[in-house]
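Numbering (our numbering), first residue to last: 617 to 826.
Glycine included, each C-beta is placed from N, C-alpha and C at the ideal position.
These notes are about the structure you will find just below.
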Ligand code: TMP
């Protein structure tokens with residue numbers, strides 16, 4: 617049986633990583649095969665591209681170059697890792713995917729959704745089954761970033777206006793793809809966020825069976 621391709625979206629520090637770990641444990645405890653992966657990255661080649669994109673020294677990188685690098689890392693990730701795992705019946709939990717490019721490069725960097733979709737032509741046949749967007753206002757999320765010990769990358773370091781644009785971009789995507797993208801309440805505690813996600817995933821799977 618084909619697996620399930622679920623992606624997680626949201627601004628910086630929206631809580632995606634913790635939620636993905638909790639979901640993986642939840643489904644593994646039920647005996648299901650789960651794969652955690654992320655973008656940009658997920659395979660050795662795509663991780664090398666990630667390092668170029670997020671390098672704080674690459675201040676001269678243009679928005680179009682950035683969009684194409686994300687697209688290149690994505691198709692490598694899809695072909696090398698996601699499609700084989702789907703064929704093996706795995707539940708794939710992927711931290712970011714095409715919607716990040718639409719919100720960040722398409723909306724916040726102002727390239728437009730259609731140009732970013734064009735740049736991602738190779739992956740348009742492989743859209744996620746379900747996308748869970750953690751909805752949390754950037755000012756609240758960025759407060760969390762100031763308490764985070766890990767290094768701030770080139771995109772984290774953008775202005776609050778940029779992160780506000782990313783937030784707006786995501787809201788537009790929910791309107792454009794209401795069947796695929798479902799919002800999660802980013803103000804919930806970890807346990808409730810997990811249960812809200814499980815409900816959405818399980819009801820999606822039930823619909824597939826009927
Ligand atoms: P993260 O792994 O810490 O979320 O960092 C990845 C950064 O890259 C984050 O700021 C979001 C950004 N990004 C884009 O701008 N476009 C994309 O297509 C993807 C996948 C990520």
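Between which two residues does the alpha helix (DSSP H) carrying residue i extend?
i	result
residue 729	729-735
residue 686	679-693
residue 814	806-825
residue 723	Here residue 723 belongs to no alpha helix (DSSP H), and DSSP marks it neither H nor E.
residue 637	632-645
residue 759	754-762
residue 776	776-792
residue 665	660-670
residue 703	699-703
Who are the near neighbours of residue i in its chain, counting only those whose CB is closer than 6 Å to its CB and skipping five residues on each side?
i	result
residue 729	718, 722
residue 778	724
residue 754	627, 779, 780, 783
residue 712	655
residue 657	663, 666
residue 620	707, 745
Can you list, in chain order, the residues of its chain with a C-beta nearer than 7 Å to that of residue i? Leave out the 5 residues immediately preceding and following it.
i	result
residue 676	none
residue 790	749, 797, 799
Using CA coordinates, which residue listed in the options is at the minimum distance from residue i?
i	options	result
residue 652	646, 701, 661	701
residue 744	710, 822, 788, 688	710
residue 646	753, 707, 781	707
residue 742	781, 696, 766, 774	696
residue 738	776, 823, 691	691
residue 774	720, 694, 650	720
residue 802	817, 757, 770	757
residue 673	686, 703, 705, 771	771
When DSSP builds the beta bridges, which residues end up paired with residue i?
i	result
residue 713	Looking at the DSSP assignment, residue 713 forms no beta bridge with any residue, so it has no partner.
residue 623	710, 747
residue 797	747
residue 651	708
If you follow the beta strand (DSSP E) that residue i is part of, which residue opens it and which one closes it?
i	result
residue 747	746-751
I'd like the list of long-range same chain contacts for residue i, defined as Cβ closer than 8 Å, with 5 residues on each side in sequence excluded.
i	result
residue 642	810, 814
residue 637	652
Handout entry: Any 3 or more C-beta pairs closer than 8 Å across the region 743-751 and the region 620-629
Key = yes
Practice task
Could you say if the region 673-687 and the region 657-664 meet the contact criterion of at least three C-beta pairs nearer than 8 Å?
Solution key: no
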